[in-house]
Structures are given as structure tokens and as C-alpha cells.
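2 protein chains.
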Amino acid sequence: MLIGQLARLSGGKVQTIRYYEQIGLLPHAHRSSGNQRLYTSDHLERVLFIRHCREFGFSLEQIRELLQLGGEQERSCAQIDQIARQRLEEVKHKIQRLECLKSELERIISSCHGGPTYACRIIQSLSDHAQCLVADHGAMESSAAGWSEKGG
Amino acid sequence: MLIGQLARLSGGKVQTIRYYEQIGLLPHAHRSSGNQRLYTSDHLERVLFIRHCREFGFSLEQIRELLQLGGEQERSCAQIDQIARQRLEEVKHKIQRLECLKSELERIISSCHGGPTYACRIIQSLSDHAQCLVADHGAMESSAAGWSEKGG
DNA sequence: TCTAATACCTACAGCCGTTGTAGGAGCAAG
DNA sequence: CTTGCTCCTACAACGGCTGTAGGTATTAGA
């Protein structure tokens, strides 16, 4: 199977697959006489696994670990469990933070009753740092999950 | 005021302030005889505004718009309202997506009862794309909000 | 006056996870 | 033999910073 077909079947993009190979998440593919990458269904499975993990927001590093741990058949899955739990905590944390943001935004927006900019409550709220209720302690790093992000 | 003090007072980093100037979010600062940037309390206000917006997760482009709109004193604040509402929608969307992720992760994790990797339910769930409930339509782009992110 | 410490300057690389581009080469059909 | 698609490599760009290298300015103390 050529890279284009692998991309189509996995739902990803050609570039992304090459990128995964580049960073060692996918093994180097065998090449045809014309230097084109040749893939098997094993590769497809692996790409689907990665894609699925990405949808769960696992980082590529976490996925790398998962792939390695998953490969060691006899090992206890405690470590895998741990990575998943860690991800869950990240998600929970982020939800908390976003809920907080949401309330504040709603409050600010509902306080605006139109009129000219100089009297705009939204601008005022955003200017007035003192009344900030969304004190940040770092819950918002990017987390991704976007094969079809742009197309979405 | 020198850039270091502005950074301290705003809670940001020196580099970040220079970056904001570079991308035109802050006006070019006047320079001392020794070529050092000189700031006033106006600059501080502006940086605090930006910082506060960032805590709400507004993108720098949105902030650029807010700053411009906020400057046009006589204009109606409808457009500002619109930007805030847009941000609110983004936040709501992201929460929805994360809630979905959370349930799935919890389900997967609770299905794992230890044992060796080859029988690990987590790996199985992540492999089996067919049972994916977290169908992605692009709610997870990065969104940031991190002046003190690393320091958390 | 010299020196050491600090804060400042510019310019550029690096982070993540892709995506897009330029400039070629392979390959099947008409 | 040309068209048109896919493939190749190598590299730049995105957002929003952060960090580094290598230099200059300013200030405090001996």
C-alpha cells in the first residue's frame, strides 16, 4: 500500500504519516524500486492506534510510551493504566478551568447592554485586572486532537 | 519605566513584552539614550489588558481587534460583544468535547483490571477504532492562557 | 577609576503537532 | 509524448511564547 492509500484509510494526511515516521512513531517503511514507501496492514493498525490516541488528546510522547508498553506483551499494564489516568486528570483539570472561564465570560457578556465602546462593560471587565476571577495556574496548555481539525 | 519593571508589574516576561511589540500588539516604545525601551503607565494598562484577555483564552488576533475597537470610543460595542460571544462559544464547545473525552477515558480506565499488557483493555480500546465514541470534529485546537503557565 | 553584577539589546532557534510549499521524480492512461 | 496525478525531500509557517548567544548599558561598591 502506498502512503496516499494509508492516509485515506487512516483518515490522516500524507504529511502527517511521514512526520510520524520521521519522529520514530512509525517504523521506517520499505521502499519500492522508485523509492516510494510501501505499507502493510500492520502500519495501518498502528496509524489508527495513533489517530485514536490523538483523539483522546494523548501527546505524541505519551503515545510513544503506550506503543512501547503495548508491545511488551508480558509486562503488567499498570504503567499503561497510569498514563491513561494522567490523561484523565489533565482533562478534568482543563474542564474545571474552562467552566470557570465560561461563567466569567457569561457574567461579563450579560453585563453589556450595548451602547458606545467607551461605556462597554466587556472592555471594562477585561481592563480591570483587579476583579479577575479567573486566576490562572496553568491548566490551559494546548492539547490537540486534530486529524481532521481544519476540515472539521 | 524600563521593560523589566513593566514585566514585573504586569506579571509577564520581558521577552513576551518585546514579542507583543514585535507583532504590533504594543506600540513601539520610546528609547533612552542607551537604546533601552521606556514605558509609561499607559503601556502597563495595555499589557494588563492583554494579559487579562489571555487568561480568558482570547487569541492575540482577537485581542488585537478588541484593542482597536476599544480605542474607537464612539463606536457601538456590538462588535466587541460579538468577539466575547464567539469566545464563549469556543469555550462551551471545548467543554463539551472534553466532557465526552472524560467519560470515555473513565470508561476505558475502569474496564482495566490489571494483568499483562496483551490483555490490557485500555490498549484494546485505543486500538479498536470501531468503538470510538469520541468522534472528533475539531474542538480541541490549542487555546492557551498562560503567562504563568510554567510556573503554575 | 576600575570592576563585577545586573538588566538591557538584537537576532535567531526551539517547543508541539501538524500543514503547506517548492522543486523535482515516478507512474498510469490517452 | 504529454497530461495529470501521486510520490519524494527539504524546509518554512502556524500560535504564543521561551530560551540562548553574544553583545551593550547602567549601577553599586572597592
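As you go down the protein sequences, you meet chains S and B in turn.
Just so it is clear: in the first sequence, position 68 is 48 by this note's numbering, and no numbers are missing.
Just so it is clear: in the second sequence, position 98 is 78 by this note's numbering, and no numbers are missing.
Virtual Cβ for every residue (Gly too), placed ideally from N, Cα, C.
Since the model is a prediction, treat every value here as computed from it, not as a measurement.
Report buried or exposed for residue 145 (chain B), applying the criterion of at least 16 other Cβ atoms within 10 angstroms of its Cβ. The shown model of chain B, from -19 to 132, leaves out residue 145 (chain B), and the question about it has no answer.
For the alpha helix (DSSP H) holding residue 69 (chain B), just list the boundary residues, first then last. For this step, residue 69 (chain B) is matched to residue 89 along the second sequence. For residue 69 (chain B), the enclosing alpha helix (DSSP H) stretches over residues 58 to 90.
Are the CB atoms of residue 33 (chain S) and residue -11 (chain B) nearer to each other than 7 Å? Residue 33 (chain S) sits at position 53 when you count from the first residue of the first sequence. Residue -11 (chain B) sits at position 9 when you count from the first residue of the second sequence. Here residue 33 (chain S) is not near residue -11 (chain B), since their CB atoms are 7 Å or more apart.
Check the Cβ-Cβ distances between residue 14 (chain B) and every residue of chain S, and say whether any is below 7 Å. Taking the first residue of the second sequence as position 1, residue 14 (chain B) is located at position 34. Residue-level contact by beta carbon fails for residue 14 (chain B) and chain S, as no gap is shorter than 7 Å.
Establish whether the CB of residue 106 (chain B) and some CB of chain S are separated by less than 7 Å. Translated into positions along the second sequence, residue 106 (chain B) becomes position 126. Interface residue, yes.
According to DSSP, is residue 93 (chain B) part of a helix, a strand, or is it coil? Reading the second sequence from its first residue, position 113 is the one you call residue 93 (chain B). Coil, per DSSP.
Just the chain S side, please: which residues come within less than 9 Å of residue 199 (chain B) by C-beta, in chain order? There is simply no residue 199 (chain B) to check, as chain B begins at -19 and stops at 132 in what is shown.
Hey, does residue 98 (chain S) have any beta-carbon neighbour from chain B nearer than 7 Å? Mapped onto the first sequence, residue 98 (chain S) falls at position 118. Residue 98 (chain S) counts as touching chain B.
For the stretch 71 to 90 of chain S, enumerate the residues whose C-beta is nearer than 9 Å to any C-beta of chain B, in chain order. Cβ contacts with chain B come from 71, 72, 74, 75, 77, 78, 79, 81, 82, 84, 85, 86, 88 and 89.
Shortest alpha-carbon distance to residue 10 (chain B) belongs to which of B:23, B:-1 and B:-7? The residue labelled residue 10 (chain B) in the question sits at position 30 within the second sequence. Here the closest residue by C-alpha is B:23.
Below 7 Å on C-beta distance, what does residue -5 (chain S) contact in chain B? As a position in the first sequence, residue -5 (chain S) is number 15, starting the count at 1. Think of a sphere of 7 Å around the beta carbon of residue -5 (chain S): no beta carbon from chain B falls inside it, the nearest being about 18 Å out.
Would you call the stretch 49 to 64 of chain S in contact with the stretch 93 to 102 of chain B, where contact means no fewer than 3 C-beta pairs closer than 8 Å? The way I'd put it, the stretch 49 to 64 of chain S does touch the stretch 93 to 102 of chain B; three or more beta-carbon pairs between them come closer than 8 Å.
Among S:28, S:-7, S:56 and S:108, which one has its Cα closest to the Cα of residue 108 (chain B)? On the second sequence, residue 108 (chain B) is found 128 positions in, with the first residue counted as 1. Checking every option, the nearest Cα to that of residue 108 (chain B) belongs to S:28.
Between residue 5 (chain S) and chain B, is there a C-beta pair that is closer than 7 Å? Locating residue 5 (chain S) in the first sequence gives position 25, counting from the first residue. Cβ-Cβ to chain B under 7 Å: no for residue 5 (chain S).
Close beta carbons around residue 4 (chain B), own chain, < 8 Å, minus the five adjacent residues each side: Against the second sequence, residue 4 (chain B) aligns to sequence position 24. Excluding positions up to five away in sequence, the list reads 44.
If you measure beta-carbon to beta-carbon, which residues of the stretch 56 to 72 of chain S are closer than 8 Å to chain B? Those residues of the stretch 56 to 72 of chain S that come within reach of chain B (Cβ to Cβ, closer than 8 Å) are 56, 57, 58, 60, 61, 64, 65, 67, 68, 71 and 72.
Would DSSP call residue 18 (chain S) helix, strand or coil? Here residue 18 (chain S) refers to the residue found at position 38 of the first sequence. Strand.
If you pair each beta-carbon of the stretch 53 to 63 of chain S with each one of the stretch 81 to 93 of chain S, do three or more pairs fall below 8 Å? At 8 Å Cβ cutoff, the stretches do not touch.
Under DSSP, the alpha helix (DSSP H) around residue -1 (chain S) begins and ends at which residues? What you label residue -1 (chain S) is simply residue 19 of the first sequence in a count that begins at 1. Where residue -1 (chain S) is concerned, the enclosing alpha helix (DSSP H) stretches over -6 to 2.
I want to verify the contact list: residues of chain S whose CB lies under 9 Å from the CB of residue -15 (chain B), in sequence order. Here residue -15 (chain B) refers to the residue found at position 5 when the second sequence is read from its first residue. Here the premise fails: no neighbours, minimum Cβ distance about 17 Å.
Looking at residue 12 (chain B): is its Cβ nearer than 7 Å to the Cβ of residue 6 (chain B)? Within the second sequence, the letter at position 32 stands for residue 12 (chain B). Within the second sequence, the letter at position 26 stands for residue 6 (chain B). In this structure, residue 6 (chain B) does not lie closer than 7 Å to residue 12 (chain B) by Cβ.
State the DSSP-derived secondary structure class of residue 32 (chain S), mapped to helix, strand or coil. Looking up residue 32 (chain S) in the first sequence gives position 52. Helix at residue 32 (chain S).
Got a sec: is the Cβ-Cβ distance from residue -8 (chain B) to anything in chain S below 7 Å? On the second sequence, position 12 is the one that residue -8 (chain B) refers to. Not one beta carbon of chain S lies nearer than 7 Å to the beta carbon of residue -8 (chain B).
At the 7 Å Cβ level, is residue 53 (chain B) part of the contact set with chain S, yes or no? Taking the first residue of the second sequence as position 1, residue 53 (chain B) is located at position 73. Look at residue 53 (chain B): its C-beta is under 7 Å from a C-beta on chain S.
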